[in-house]
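The structure under discussion appears below in the form of structure tokens.
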Amino acid sequence: MAKETNEILGHGDEADGIEEYDNPLPDWWLGLFILCIVYGIGYTINYHFISHDSQEKRYLAQMAEAEIRWPTPEGPASFTITDELVAEGEGVFAQTCASCHNANLTGGIGPNLIDDTWIHGNAPEQVLATVTNGVSDKGMPAWGPVLGPKKVQAVTAFVLSKQGSAPATDPTHATTGEGQGGDAAASGEGSGDAAQLPDGPTIYATNCAACHGPEMKGLVGPNLTDAEWIHGGDIDSIKHTITNGVPEKGMVAWGPILGEAQIDIVARYVQSQGAGLQD
Amino acid sequence: MSPTTLPDRSVEYDDRIVKQFVIATVIWAMAAMTIGFILALQLAWWPANMGIPQLTFGRLRPVHTNGVIFAFTGNFVFGGIYYSSQRLLKTRMWNDLVSQFHFWGWQAIIVSVVLTLPMGMTQGKEYAEMIWPIDVAIAVVFLSFVLNFAMTIANRRVKHLYVALWFYISFVITIPVLHVVNNLVIPANLWRSYPIYSGMTDALVQWWYGHNAVGFLLTTPILGLMYYFLPRAAERPVYSYRLSIVHFWALVFLYIWAGPHHLLYSALPDWAQTLGMVFSVMLIAPSWGGMLNGLLTLRGAWDKVRTDPVLKFMAVAVSFYGMSTFEGPMMSIRAVSALSHYTNWVVGHVHSGALGWVGMMGFGTLYWLTPRLWKREIYSLQLATAHFWLATIGVVLYTVAMWGAGLTEGLMWRAVDANGQLQYPIFLDIVAQMQPFYWVRLLGGGLYVVGVYMMAFNLTMTITSAPVSSPEPSPAK
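So the protein sequences, as listed, match chains A and B.
Residue numbers 0 to 278, in numbering that gives the first Met the number 0, belong to the letters of the first sequence in order.
Residue numbers 0 to 476, in numbering that gives the first Met the number 0, belong to the letters of the second sequence in order.
Written out as structure tokens, the structure reads:
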């Protein structure tokens with residue numbers, strides 16, 4: 000065992016008067032040092048040469064372990080809509096989706112989910128895919144990695160269960176009737192008969208109000224009732240804007256969704272509500 | 000112990016340069032730590048950025064970090080080295096003009112950093128944000144100091160090089176190498192450049208630099224200053240010469256390999272990650288060698304520690320050094336890093352080193368140096384003692400708050416529910432949990448900053464008071 004001697008070395012006159020003892024290394028300090036070196040060498044040998052470990056192996060092992068504890072659910076199309084699943088989905092919707100799609104699913108920042116318009120399709124696997132992967136160019140996040148497959152299924156089941164259940168107060172369904180098909184694009188292009196088409200306020204409420212506000216006062220998109228027409232206030236300009244959208248500002252190109260006839264109706268309606276110069 | 004050797008009267012030491020660095024240290028300490036306080040406020044209450052782009056967190060943070068590292072610590076280290084090296088080598092600095100170039104060049108660099116970073120001019124590398132023209136200036140100014148220091152050693156009038164000087168030499172050699180290699184870039188214009196390294200190589204070089212900036216700017220020169228100023232203030236012999244040799248060589252050899260521990264679970268090859276981890280673990284004992292030699296040197300001087308704020312600061316500094324050099328290696332272990340990485344725990348770890356070790360050593364040294372340099376009695380010992388308590392309580396609050404915050408967010412990020420899904424999938428929910436910890440941190444940091452202002456007042460009153468006749472007034476009286 001090393002012993003403290005407290006013996007002065009005698010360098011003091013060469014160190015501005017600071018003296019040094021010639022004490023040995025404390026035993027426990029030396030022991031700690033050796034222990035850490037042994038640990039370092041042992042760890043390295045074990046990690047790389049005995050267990051041949053790597054971060055990739057650890058990742059795969061953790062994923063395999065998780066697969067046993069929480070097996071991946073069956074393919075997306077195979078889930079069945081049960082009351083329990085819908086009930087669970089209602090909770091998920093309130094927590095995750097309601098902030099954009101509104102608590103009663105009538106839409107807000109995101110579109111209405113209880114009308115008959117299904118921008119991305121209303122087949123279970125289509126809704127599931129929309130929720131899972133999101134629609135990045137319209138601001139819908141990919142919820143798959145956040146919620147996980149089970150919650151995505153639940154919320155999909157909930158949304159589908161509400162399909163077409165528009166409350167009576169919703170202007171969409173108060174006036175629309177059953178004429179509009181499930182696929183908006185098909186309905187827009189397929190019908191040449193204006194009498195079967197919804198009227199301006201209906202088209203507006205269904206498609207435009209989420210961003211421009213129910214009263215056209217602007218929300219995410221600009222106010223449509225003031226005198227200012229950023230992209231032109233004449234009827235052709237308004238139609239052009241609606242048809243092609245303004246991608247850099249987030250305005251969707253509605254041409255393929257609404258079709259020419261509906262765009263004509265809603266454009267005239269929007270123009271009629273605007274103030275100021277109209278050609 | 001033998002009687003203190005009288006200064007060699009045939010040599011007139013250049014103390015003007017030391018005084019300049021002391022004043023700069025105090026000024027930059029106030030500036031850099033005040034910015035730190037504003038940043039802490041912004042994290043707890045975001046409107047504190049006042050909607051001004053130049054004052055937003057991302058722009059201001061590097062001003063704080065570089066301010067503390069290069070302005071506060073840099074000036075403190077330079078001042079302490081200029082003071083102690085002349086006395087340990089029994090010779091004046093080699094060239095006064097080079098010393099002045101070093102001082103004013105360094106201050107000009109700091110000012111240019113303070114002006115460019117809030118404008119958004121950055122290289123985007125942590126602690127190396129400065130744009131390339133400033134990097135060139137840093138290299139030139141630092142090399143002027145290297146030359147001055149080397150020539151002073153060459154002109155020395157002692158044979159034996161005291162341990163403090165070894166630590167200074169490791170700093171003087173390593174910093175220019177780290178700085179130049181990490182900042183090798185191809186300039187695109189005056190404000191912008193591209194590193195010659197890409198991807199993972201760039202990250203590895205960056206953390207080889209970043210970790211050793213901690214090692215060779217915030218550790219070895221401060222240890223050198225501890226080896227000079229602590230035994231001077233305690234008037235006790237250093238506990239073990241042998242320990243100082245062993246822990247010095249072990250420290251400088253092991254430190255340089257530990258950088259990859261910043262890149263655990265990244266694209267860095269596994270073997271390099273292992274290297275960074277085990278070299279960090281092996282650093283515990285060499286680091287503790289410094290703490291032991293400091294604390295055991297205080298044996299027989301604990302009565303002085305009770306009354307002298309200088310020794311109080313140094314004793315707590317050495318203790319925080321021991322604490323954070325244990326915490327660091329623990330955090331570099333793969334399993335611990337998986338929890339602690341990217342959390343506020345890392346922020347707490349850095350600050351227990353910066354506030355606890357570097358800051359406290361700096362304050363202790365400033366309270367010891369100022370009366371001696373200006374040949375005045377310290378204005379108020381009570382105020383210095385109050386500063387000590389504010390700083391100590393401040394660091395403890397800061398560190399504990401960040402432990403709480405780091406563990407909370409680290410555990411929340413990884414928590415899974417019964418179905419194997421993330422329990423807290425909304426990141427913002429976890430951010431919101433940080434707020435109470437951020438307020439406690441603000442309080443701790445606030446106490447620390449108030450202490451620095453008290454020190455600035457105390458030292459200003461000391462410098463402007465009437466001179467005393469005694470050549471070396473003791474602040475302990």
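In this text, a Cβ means the ideal position worked out from N, Cα and C, and glycines have one as well.
Predicted model, so just to flag it, every value in this text is computed and none were measured.
Opening and closing residue of the beta strand (DSSP E) in which residue i lies
i       : result
S169(B) : Careful: S169(B) lies outside any beta strand (DSSP E), inside the alpha helix (DSSP H) at V162 to N181.
P186(B) : V184 to P186
P328(B) : Where P328(B) is concerned, there is no enclosing beta strand (DSSP E), although the alpha helix (DSSP H) it sits in stretches over P308 to M330.
Distance between beta carbons of residue j and residue i, contact taken as under 8 Å
i       : j       : result
V10(B)  : K89(B)  : 6 Å
Y161(B) : L87(B)  : 5 Å
A337(B) : Y423(B) : No, A337(B) and Y423(B) are not in contact; Cβ-Cβ is about 17 Å, not under 8 Å.
V140(B) : H101(B) : 6 Å
L104(A) : I118(A) : At roughly 14 Å, the Cβ-Cβ gap does not stay under 8 Å, so L104(A) and I118(A) are not in contact.
G73(B)  : W105(B) : 7 Å
Listed by chain order, chain A residues near residue i by CB distance under 7 Å
i       : result
W270(B) : H47
N418(B) : W69, G147 and K149
K158(B) : E13
Short Cβ contact (9 Å threshold) for residue i with residue j
i       : j       : result
I130(B) : L224(B) : no
G57(B)  : A31(B)  : no
G198(B) : V245(B) : no
A23(B)  : V451(B) : no
S98(B)  : N147(B) : yes
G347(B) : M290(B) : no
F157(A) : E83(A)  : no
I16(B)  : M92(B)  : yes
A414(B) : M433(B) : no
I262(A) : K238(A) : yes
F166(B) : Y226(B) : yes
Y42(A)  : M330(B) : no
S169(B) : V113(B) : no
L441(B) : G352(B) : no
G273(A) : L223(A) : yes
R375(B) : P466(B) : yes
I425(B) : E408(B) : no
W207(B) : N181(B) : yes
V171(B) : A149(B) : yes
V317(B) : W356(B) : yes
Residue range of the alpha helix (DSSP H) that includes residue i
i       : result
Y227(B) : T219 to A233
S143(B) : W131 to A153
Q162(A) : Segment: none, Q162(A) is in no alpha helix (DSSP H) and carries neither H nor E.
D15(A)  : From DSSP, D15(A) is part of no alpha helix (DSSP H); its letter is neither H nor E.
F252(B) : Y240 to Y254
S111(B) : D95 to T115
R57(A)  : Q54 to R68
P370(B) : M359 to W373
G443(B) : Q434 to I462
D82(A)  : D82 to V91
V157(B) : Segment: none, V157(B) is in no alpha helix (DSSP H) and carries neither H nor E.
N343(B) : N343 to H350
Where residue i meets chain B, residues with beta-carbon distance less than 7 Å
i      : result
Q54(A) : Y264 and D269
T43(A) : T273 and V277
P25(A) : L291
A65(A) : G419
Contacts that residue i makes with chain B (C-beta to C-beta distance below 8 Å)
i       : result
Y268(A) : By Cβ distance, chain B contributes nothing, its closest Cβ being about 38 Å from Y268(A), past 8 Å.
G39(A)  : V277, F278, V280 and M281
Beta-bridge pairing of residue i - partner residues as DSSP gives them
i       : result
Y196(B) : DSSP, once it has assigned bridges, lists no residue as partnering Y196(B).
M250(A) : V245(A)
L59(B)  : DSSP, once it has assigned bridges, lists no residue as partnering L59(B).
M139(A) : V134(A)
Y20(A)  : I7(A)
V237(B) : E19(A)
L421(B) : V415(B)
Cross-chain neighbours of residue i in chain A, by beta carbon under 9 Å
i       : result
G198(B) : Going along chain A, no residue has its Cβ under 9 Å from G198(B), so there is no contact; the nearest lies around 17 Å.
R231(B) : D15, G16 and I17
R413(B) : In chain order: nothing, as chain A lies at least about 11 Å away.
Proximal chain A residues relative to residue i, where beta-carbon distance stays under 8 Å
i       : result
W287(B) : W28 and L31
R60(B)  : Correct list: empty, because the minimum Cβ distance to chain A is about 28 Å.
P259(B) : The contacting residues do not exist; P259(B) stays about 13 Å from chain A at best.
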